[in-house]
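Down below is the structure, laid out as structure tokens.
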Amino acid sequence: MCKTDNEMLKINEKRISDNYTSNIRSIKIPDYGSFDVLFDNKTAEKDWIVIQQRIDGKENFFRDWNTYVAGFGSFEGDFFLGLEKIHRLTYSTRYQLMIRMEYFNGTTQHAEYNNFKVDSNETEYTLSSLGQYSNDKDNQFWGSDNLRWHEGMKFSTFDNENDLWNQECAEVHRGGWWYNRCTASNLNGEFSVTDGSKYAQMYWADYSPLKSVQMMIRKYYPVVDK
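Just so you know, we're using the UniProt record's numbering here: the sequence shown kicks off at 1 and counts up by one.
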């Protein structure tokens with residue numbers, strides 16, 4: 001007996017929840033419509049929307065402009081939510097960004113920004129705002145503000161270069177990103193390998209390869225002093 005779409009959705013939701021302590025929900029954005037998002041449940045607060053995930057290396061992130069706009073991949077593995085959806089979310093209300101990273105030596109790191117905003121297609125999805133930066137490390141290397149270099153930059157892919165370098169950043173760094181001249185971070189680069197090009201791999205600081213990464217956003221709640 002064939003299962004209905006609703007039954008399959010429940011099965012898929014449970015499987016993802018079991019594997020990644022996360023779940024899929026549909027959200028609606030005014031003047032845009034509804035779409036599915038992956039909510040992360042590993043953090044104490046259960047309202048973080050995952051907009052980018054690199055956990056298994058099965059998805060190619062060296063993709064063209066239209067693919068990055070629409071989004072690609074699977075919630076069960078590697079994916080990018082899509083520039084248009086990220087824009088619609090971050091312009092619907094104020095969002096904060098958390099980047100959760102894991103290195104091959106087992107070290108983990110969090111970097112957070114309290115006003116993350118991506119502009120529309122008219123500005124080629126400029127990373128227009130990050131807000132204040134915070135991190136979970138005292139060490140400057142692990143806790144460096146490595147997305148700030150990309151603030152104010154348009155998004156670039158190999159077929160739509162918007163960087164400030166005299167060569168093609170997306171081609172050299174093998175991904176789509178808010179390239180400047182070119183990178184202080186490259187979270188959409190090639191899935192990390194220890195023997196690959198340090199410029200092309202997925203990294204946050206000092207070309208140190210990352211084993212996994214998630215970019216997550218949630219509505220901003222100011223900290224109230226008690």
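Virtual Cβ for every residue (Gly too), placed ideally from N, Cα, C.
In the DSSP annotation of this structure, the continuous segment of the beta strand (DSSP E) that includes E112 starts and ends at T108 to V118. Taking a C-beta distance under 9 Å as the contact criterion, M153 and W48 do not qualify as a contact pair. 9 Å or more divides the Cβ of F191 from the Cβ of D64.
Here F155 is near L127, since their CB atoms are less than 9 Å apart. In the DSSP assignment, S212 falls within the unbroken beta strand (DSSP E) covering L210 to K219. Under DSSP, the beta-bridge partners assigned to L38 are I24 and V50. Secondary structure at N121: helix, using DSSP grouped into helix, strand and coil.
Look at S92 here: in three-state DSSP terms it is helix. The three-state reading of DSSP puts N66 in helix, counting H, G and I together. The three-state secondary structure of L83, taken from DSSP, is helix. Taken in chain order, the unbroken stretches of alpha helix (DSSP H) that lie wholly in the segment 130-216 and span 4 residues or more are 169-173.
As the crow flies, the alpha-carbon of R218 is around 31 Å from that of E171. Taking the CA atoms as reference points, T108 sits about 14 Å from K42. The bridge partners DSSP lists for I29 are G33. Apart from sequence neighbours up to five positions away, the residues of its chain that approach N146 with a beta-carbon distance below 6 Å are A184, S185, W204 and A205, ordered along the chain.
DSSP, read as helix, strand or coil, puts G57 in coil. In this model, G73 and Q132 are separated by some 30 Å (Cα to Cα).
Close CB contacts of I27 within its chain, under the 6 Å cut and outside five residues either way in sequence, are with V37 (chain order). Separation of the CB atoms of H173 and Y199 is rounded to 6 Å, and the pair is thereby assigned contact status at 8 Å. By the criterion of a C-beta distance shorter than 6 Å, S144 is surrounded in its chain by A205, once the five residues flanking it on both sides are discounted. A distance of 9 Å or more separates the beta carbons of G176 and Y91.
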